[in-house]
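If you're matching them up, the sequences are chains F and Y in order.
Heads up, the first sequence stops at 221 in full-length UniProt numbering, and the numbers go up one at a time, no gaps.
Heads up, the second sequence stops at 221 in full-length UniProt numbering, and the numbers go up one at a time, no gaps.
There are 2 protein chains.
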Amino acid sequence: MRALVVEDDPRIAADLCAALGQAGFRVESCGDGEEAWFLGDTEDYDLAVLDLGLPGLDGLSVLRRWRAAGRVMPVLVLTARGAWQDRVEGIESGADDYLPKPFRMEELVARARALVRRAAGHAGAMMEVGALALDTNRMRVTVRGAPVQVTALEYRLLSYLALHRARVVPPTELLEHLYGDEDAREANALEAVIARLRRKLGTGVIGTRRGFGYFIEGTEA
Amino acid sequence: MRALVVEDDPRIAADLCAALGQAGFRVESCGDGEEAWFLGDTEDYDLAVLDLGLPGLDGLSVLRRWRAAGRVMPVLVLTARGAWQDRVEGIESGADDYLPKPFRMEELVARARALVRRAAGHAGAMMEVGALALDTNRMRVTVRGAPVQVTALEYRLLSYLALHRARVVPPTELLEHLYGDEDAREANALEAVIARLRRKLGTGVIGTRRGFGYFIEGTEA
DNA sequence: CGGCGATTGTCAGCTTGCTGTCAGGTCGGT
DNA sequence: ACCGACCTGACAGCAAGCTGACAATCGCCG
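Shown next as structure tokens:
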């Protein structure tokens with residue numbers, strides 16, 4: 001799950017990155033409006049957290065440009081306290097949710113999760129696809145009702161596949177999601193994780209489409 | 001469902017009354033500490049919303065007096081922004097939840113509803129989860145019936161885990177809850193507290209999900 | 001103000017088990 | 001049959017978390 005944090009106060013930005021990172025997001029951060037617009041337009045994020053007061057290009061303009069360019073990822077807007085009119089503008093500009101500063105990190109994380117789930121068409125804290133069920137609160141996994149112990153990395157991989165259930169996810173995308181583009185791992189690392197997961201989950205859960213990527217079984221013809 | 005709103009700012013008070021009234025509460029309001037204490041002690045409310053900055057008698061004193069008099073209705077405390085020590089004092093004085101200003105009315109209503117539901121669920125001010133039981137009024141802890149002496153810090157950690165029993169709480173969130181965002185401690189401080197608590201409580205109470213966080217055991221298979 | 005005990009943050013060393021890498025092996029397409 | 005894509009088991013490095021010791025700090029009582 002990739003998240004973009006746009007916040008010019010480095011201290012707040014660091015907190016945001018830490019909290020979202022802990023919540024399972026792979027976080028990228030920038031403090032400049034122009035750069036934010038560029039990143040959001042060229043990269044593929046599952047969530048953006050956007051502060052309105054920015055140097056370079058105003059946050060609302062960034063948001064409008066993203067939407068104008070057809071970017072549909074959920075955007076959570078941070079506004080200064082009491083700036084209620086910002087909220088209206090923000091929503092009209094295409095924000096999905098809005099949080100006044102100061103806020104509690106737990107709430108931000110909860111809202112971020114809710115947004116991502118909503119974007120994926122999941123109603124509750126439970127993601128179910130095929131024989132697989134993910135409890136996003138307890139970070140627990142069951143296959144056909146039987147609980148399975150998975151590690152943090154394995155869980156992130158599973159949740160990403162579950163989130164993009166409709167399609168076959170190419171290995172490069174998974175690698176980029178699990179690790180950064182910066183520190184690239186060997187392609188085999190991913191295969192090792194998949195293998196370990198398959199041993200735990202049994203067959204018939206993670207499928208391979210040779211030459212294309214991986215998917216969760218039970219969602220295709 | 002009767003609710004008492006204690007808030008000296010008439011504008012905010014009006015908003016609160018409107019929102020809670022809309023949500024189905026029969027609302028009474030007062031802006032003075034002494035009167036609040038009197039009302040809360042003599043009348044029977046299902047919920048109280050309590051601002052801390054009050055003329056007459058301080059909000060925390062009101063709360064403490066209510067609790068000392070044996071009033072057990074859920075109390076939602078409103079604190080000024082970033083006044084983190086208020087939260088601690090509030091919880092230690094017997095608050096059931098707290099909300100930093102500024103907040104959104106919808107959230108206040110949601111939390112109010114949750115509090116009332118919770119209060120209806122288990123009658124007292126007892127939180128029980130697994131082998132653990134917390135007396136939220138007296139700050140006392142028992143494990144499988146046996147009383148355990150815990151420090152204030154340990155109690156805050158336990159109560160937070162118990163409050164969020166349904167999910168695995170990431171260490172960053174616990175750090176933020178125990179200490180402010182202002183003065184950050186080493187990550188190891190949390191681990192030390194956990195270790196000390198485990199020694200007191202015995203095994204099988206606080207569980208670890210490596211890479212995710214901590215939780216209270218007994219809520220899963 | 002001063003002393004004392006309880007509390008709690010920090011540090012260093014340790015254990016646990018996750019995870020990337022490697023060296024093969026297997027499978028599918030052509 | 002061959003080649004490349006993918007799988008698998010073994011293994012070592014390493015990071016997350018645990019623990020005991022110690023020191024700083026706080027609260028309390030005189």
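A virtual CB, placed ideally from N, CA and C, is assigned to each residue, including glycine.
None of these values were measured; they are calculated from a predicted model.
Quick one: what's got a C-beta closer than 6 Å to residue i's C-beta in the same chain, skipping five residues either side?
i: Asp9(F); result: none
i: Val77(F); result: Leu50, Gly90, Ala95, Tyr98
i: Gly207(Y); result: Phe215, Glu217
i: Ala23(F); result: Val109
i: Gly56(Y); result: Asp32, Gly33, Glu34
i: Ser29(F); result: Val5, Ala13, Cys17
i: Ala146(Y); result: none
I'd like to know if residue i contacts chain Y, where contact means its C-beta is closer than 8 Å to some C-beta of that chain.
i: Pro10(F); result: no
i: Pro74(F); result: no
i: Asn137(F); result: yes
i: Arg113(F); result: no
i: Pro55(F); result: no
i: Glu106(F); result: yes
i: Pro171(F); result: no
i: Arg133(F); result: The displayed chain sequence assigns Ala, not Arg, to residue 133(F). No, its Cβ sits nowhere closer than 8 Å to a Cβ of chain Y.
i: Ala18(F); result: yes
i: Ala23(F); result: yes
i: Ala152(F); result: yes
i: Met126(F); result: no
Does residue i come within less than 8 Å of chain F when only Cβ atoms are used?
i: Val168(Y); result: yes
i: Phe212(Y); result: yes
i: Arg156(Y); result: no
i: Arg64(Y); result: no
i: Leu190(Y); result: no
i: Glu176(Y); result: yes
i: Arg185(Y); result: no
i: Ser2(Y); result: Rather than Ser, the amino acid found at residue 2(Y) in this sequence is Arg. By this cut-off, Arg2(Y) is not an interface position.
i: Arg140(Y); result: no
i: Pro102(Y); result: yes
i: Met198(Y); result: The displayed chain sequence assigns Arg, not Met, to residue 198(Y). Chain F, which has no Cβ nearer than 8 Å to the Cβ of Arg198(Y), makes this no.
i: Arg144(Y); result: no
i: Arg209(Y); result: yes
Going by beta carbon distance, what residues of the same chain come within less than 8 Å of residue i, once the five residues before and after it are set aside?
i: Gly121(Y); result: Because Gly121(Y) sits at a pLDDT of 49, beneath the cut-off of 50, its placement in the model cannot be relied upon, and the point is left open.
i: Val62(Y); result: Val6, Gly33, Ala36, Trp37, Gly40, Leu50, Leu54
i: Ala80(F); result: Leu52, Gly53, Asp86, Pro100, Lys101
i: Ala184(F); result: Leu175
i: residue 224(Y); result: The requested residue 224(Y) is not part of the displayed model; chain Y covers only 1 to 221.
i: Arg71(F); result: Gly40, Asp41
i: Asp58(Y); result: Gly33, Leu52
i: Val148(Y); result: Val141, Thr142, Lys200, Leu201
Going by the CB atoms, is the gap between residue j and residue i shorter than 8 Å?
i: Asp51(Y); j: Glu106(Y); result: no
i: Arg113(F); j: Asp44(F); result: no
i: Val141(F); j: Gly202(F); result: no
i: Val150(F); j: Leu161(F); result: no
i: Ala166(F); j: Thr172(Y); result: no
i: Leu197(Y); j: Ser159(Y); result: no
i: Ala48(F); j: Gly31(F); result: no
i: Gly204(F); j: Ala110(F); result: no
i: Arg209(Y); j: Met126(F); result: no
For the alpha helix (DSSP H) that contains residue i, what are its first and last residues?
i: Ala192(F); result: 187 to 201
i: Glu176(Y); result: 171 to 178
i: Asp15(Y); result: 10 to 22
i: Asp155(Y); result: Correcting the residue identity first, residue 155(Y) is Tyr in this sequence and not Asp. 152 to 163 is the span of the alpha helix (DSSP H), which, as asked, contains Tyr155(Y).
Leaving aside the five residues before and after residue i along the sequence, list all residues of the same chain whose C-beta is less than 7 Å from its C-beta, in chain order.
i: Val193(Y); result: Leu153, Glu154, Leu157
i: Asp46(Y); result: Met1, Arg2, Ala3, Met73, Val116
i: Phe212(F); result: Val168, Pro170
i: Val129(F); result: Ala162, Arg165, Ile216, Gly218, Thr219
i: Asp15(F); result: Met105
Please list the terminal residues of the continuous beta strand (DSSP E) segment that includes residue i.
i: Ala3(F); result: 2 to 6
i: Glu34(F); result: Note, Glu34(F): premise wrong, no beta strand (DSSP E); alpha helix (DSSP H) at 33 to 42.
i: Val143(Y); result: 140 to 143
i: Arg100(Y); result: One point to set straight first is that residue 100(Y) is Pro, not Arg, in the sequence displayed. First-last of the beta strand (DSSP E) with Pro100(Y): 97 to 100.
i: residue 222(Y); result: Beyond the ends of chain Y as shown, which are 1 and 221, falls residue 222(Y); an answer cannot be given.
i: Tyr214(Y); result: 213 to 216
i: Asp135(Y); result: 132 to 135
i: Leu76(F); result: 75 to 79
i: Asp58(F); result: Note, Asp58(F): premise wrong, no beta strand (DSSP E); not H, not E.
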